[in-house]
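Peer 1: With the UniProt record's numbering as the guide, the letters of the sequence shown map in order to residues 1 to 644.
Ideal Cβ positions, reconstructed from N, Cα and C, are used throughout, including at glycine.
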Amino acid sequence: MQQWNLGSNFCWCHQRAKKLQEHQKVSLSSSSSIVSLQKGLQEHKEKKKNCTKNKLQTRRARREMSMNADLGKPRELTGLQQRRALYQPELPPCLEGKAIRVEFGDSTTTIDPTCANMVVQEFPNTFGQPLVHFLKPNKMDAQANDEHPPIRVGVVFSGRQSPGGHNVIWGIYDAMKTQNLQSVLLGFIGGTEGLFANQTLEITDDVLSAYRNQGGFDFLGRTVDQIHTTEQVNAAMSTCCDLDLDGLVIIGGVTSNSDAAQLAETFANHNCKTKVVGVPVSLNGDLKNQFVETTVGFDTVCKVNSQLISNVCLDAISAGKYYHFVRVMGWKASHVALECALQSQPNMVILGEEVAFSKLTLKEIISKICDGVQARAAQEKYHGVLLISEGLIESIPEMFALIQEINILHSNKVPENNIPSQLSPWATALYNYLPPFIRRELLLHQDSDNSAQLSQIDTEQLLAHLVEAEMNKRMKEGKYIGRKFSSVCHFFGYQARGSLPSNFDCDYAYAMMSVKRHSRSPGAVPTGKPVIHPSPVDLQGKAYALLREKASSFLLDDFYRTPGGIQFDGSGTNVKPITLTVEDQDYLGDIELLQDYLEKVRNIVKPGCSREILKAAISSMSSVKDVLKSLVNWQHGINHSVKS
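#1: Give me, in chain order, the residues of the same chain whose beta-carbon lies closer than 7 Å to that of Glu441; leave out the 5 immediate sequence neighbours on both sides.
#2: Would you call the region 398-405 and the region 423-436 in contact, with 3 or more CB pairs under 8 Å?
#3: Quick one: Cα of Glu477 to Cα of Glu470, how far?
#4: Determine contact between the region 291-300 and the region 149-157, defined as no fewer than three beta-carbon pairs at a distance below 8 Å.
#5: Closer than 8 Å by C-beta to Ser292: which residues in its own chain qualify, once you throw out the five before and the five after it? Chain order, please.
#6: Could you say if the region 183-197 and the region 230-243 meet the contact criterion of at least three C-beta pairs nearer than 8 Å?
#7: Please report how far the alpha carbon of Gly191 lies from the alpha carbon of Phe554, in whole angstroms.
#8: Using the C-alpha atoms, what's the distance from Gly278 back to Ser183?
#9: Bridge partners for Glu103 per DSSP, in chain order?
#10: Could you spell out the range, first to last residue, of the beta strand (DSSP E) harbouring Leu327?
#11: Could you tell me whether the Cβ atoms of Thr579 and Ser310 are closer together than 7 Å?
#12: Rounded to whole angstroms, what's the CA-CA distance from Thr109 to Leu91? Just pull it up for me.
#13: Looking at the C-beta of Ile169, does it have a partner C-beta in chain D at a distance below 7 Å?
#14: Out of curiosity, what's the CA-to-CA distance linking Leu131 and Ala509?
#15: Within the same chain, show all residues whose beta-carbon is closer than 8 Å to that of Val531, passing over the 5 residues directly before and after it, in chain order.
#16: Hey, how far is the Cα of Ser282 from the Cα of Ala551?
#17: Considering only the alpha carbon of each residue, which of Gly97, Leu287 and Asp112 lies closest to Phe134?
#18: Please state if the CB of Val233 and the CB of Ala496 are separated by a distance shorter than 7 Å.
#19: Buried or exposed for His335, going by 16 or more other Cβ atoms inside 10 Å?
#20: Enumerate, from N- to C-terminal direction, the unbroken beta strand (DSSP E) stretches of 3 or more residues contained entirely within the region 224-300.
#21: Roughly how far, in whole angstroms, is the beta-carbon of His383 from the beta-carbon of Gly320, given that I think they are within contact range, below 8 Å?
#22: Would you kindly report the start and end of the unbroken alpha helix (DSSP H) that includes Arg212?
#23: Identify whether Cys115 lies in helix, strand or coil by the three-state DSSP scheme.
#24: Can you give the Cα-Cα distance for Ile408 and Gly105, rounded to whole angstroms?
#25: For Tyr431, does the count of other Cβ atoms within 10 angstroms reach 16, so buried, or fall short, so exposed?
#26: Given that a residue counts as buried once 16 or more other Cβ atoms are within 10 Å of its Cβ, and exposed if not, what is Pro124?
#27: If you check the beta carbons only, do Pro577 and Lys332 fall under 7 Å apart?
#28: Under the assumption that Ile388 contacts Ala337 (Cβ atoms under 8 Å), give the Cβ distance between them as a whole number of angstroms.
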């Protein structure tokens, strides 16, 4: 009934305005008519204002209803889901039991030394706190039974749904209850909107039981993925203070962790006791450094997509007449495309990072693809599979510039229909060159982070369209002799996001949040206005080198690989992503290895050892110390020169 009244009021306002405009044209000569007109216009403004207010109230009510609908309720599980719910994630030895040993390392810093001063100014309260390293428990720790005071923690889904998100909540819950059974974990219903509106659900064993090791974010749900504006930050702080929270865990990707860092600084500045922790849960795998090797959900998404791509590969070689253009998720970074390429081995792979590095134009990309098609045709192969990431279109220089112009016009509140007429001359020429469907998609309104909706831009169809046109042109010119080019397009974007997580992601998410209680600063890299940037594919890395090494055989030899579906039992259960295995960048693992060596030295060199052993140990350790000191001084010299 309320919706009907709103519509009626709006129609009445619109009709009344038209009548007043007509009345204005014929009655301006009469002073009484002018008074009547002004009164009518005032009534119109008031009714329009009330109409807008009612609309906002209706939207808010709908939002609150949607926040509470079916979220956090027990649900019926299939046989497979029930079996997955029984899986108990593994914890590393340093996180088992009540007693957790830690040591503090160097202060946190920025990846780029030139940004340090700016970050310090933006984050005077939270930047520079020491890194925490978790140690294996000793016998004394194992016997300790100290009870920790109860704490209250809130958790919210902020980023796009990614497999393993529910296990983050499970890990928090078990860690809190292990320390004190009276601790309380509250989930915010409906994502950040639930955080702003203080819509909570107390998480218990009964509530959580149906969501252990399950996919999706349907336990608590999510809405907008941002805590940007002053109003949003104040609402979040007000909620945390009202609930007397000791901690707030924000689960999400790059944008969400940037918001977590900013929120932590704001809370500290206002003496709010709530500590903020950002958890890297993102299917893109683009939150990486020496401490975080990948994100929760990356392994599962890549395994699901790799199975789909391998199915397409087998379909292509079976029919022998279609080129399949496959686009996978990967916003600013192509980690998913790289991993899936190594898993399924399609004929061609185009990563956004290599296009940006080489500054390849759209025409050059099309030419390279067509050259590959011709090379395969020379071997009587008229089928193939091309893999790209969704961020590719922004990596093409001229397309990036066009998208930037459109984003600026969007930010200036220019209506979508008027944007094409306000583009610069060169942008207009490029815009008109593109197929109509791409033009429409480029004009779509921006995402919540003010970027283009890359998932809605059919880059694979654009490439297929232009490749077909170029192949037809080559055929007419006699440069290509073979069958007519035919294509099929696929976008594997949403199919994997709600998948049952792999054991890798189940363990990773659960173990990651078992350390939550010991975090002394935001889990995100502390950057604010200079936000966290996605970590791109390293073109100097081993994984990319492996792809380049196999590129020629991928192109001409159909060595399609079939990894199959995710294995929950058996020999393939614990298979890790190829990119992680190849890179072998276990920073903290290497530190533990060094500590093991030092412990062995202590066991060898102790009172009672021979003089020769003692002298050899002193000489070796002295040499190691001198080498390390020289290396540290060299690094400090480089950082100082960069700053100056």
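Peer 2: So, to answer that:
#1: Gln456, Ile457 and Asp458
#2: yes
#3: The straight-line gap from Cα to Cα measures roughly 11 Å.
#4: no
#5: Residue identity check: residue 292 is Val in the sequence provided, not Ser. Close CB contacts of Val292 within its chain, under the 8 Å cut and outside five residues either way in sequence, are with Pro280 (chain order).
#6: yes
#7: 43 Å
#8: 20 Å
#9: His133
#10: Leu is not the amino acid found at residue 327; the sequence shown has Arg there. For Arg327, the enclosing beta strand (DSSP E) begins and ends at Tyr323 to Val328.
#11: no
#12: 28 Å
#13: The structure shown contains no chain D, having only a single protein chain.
#14: 20 Å
#15: Val254, Thr255 and Ser258
#16: 28 Å
#17: Just measuring C-alpha positions, the residue of Gly97, Leu287 and Asp112 sitting nearest Phe134 is Gly97.
#18: In terms of Cβ geometry, Ala496 and Val233 do not form a close pair [threshold 7 Å].
#19: With 16 or more other Cβ atoms inside 10 Å of its own Cβ, His335 counts as buried.
#20: DSSP runs (the beta strand (DSSP E)) wholly in the region 224-300: 247-252 and 275-280.
#21: 5 Å
#22: Here Arg212 belongs to no alpha helix (DSSP H), and DSSP marks it neither H nor E.
#23: Residue state, collapsed to three classes: helix.
#24: Their backbone Cα atoms lie some 43 Å apart in a straight line.
#25: buried
#26: In this structure Pro124 is exposed. Its beta-carbon is surrounded by fewer than 16 other beta-carbon atoms within 10 angstroms.
#27: Contact flag unset, no.
#28: 7 Å
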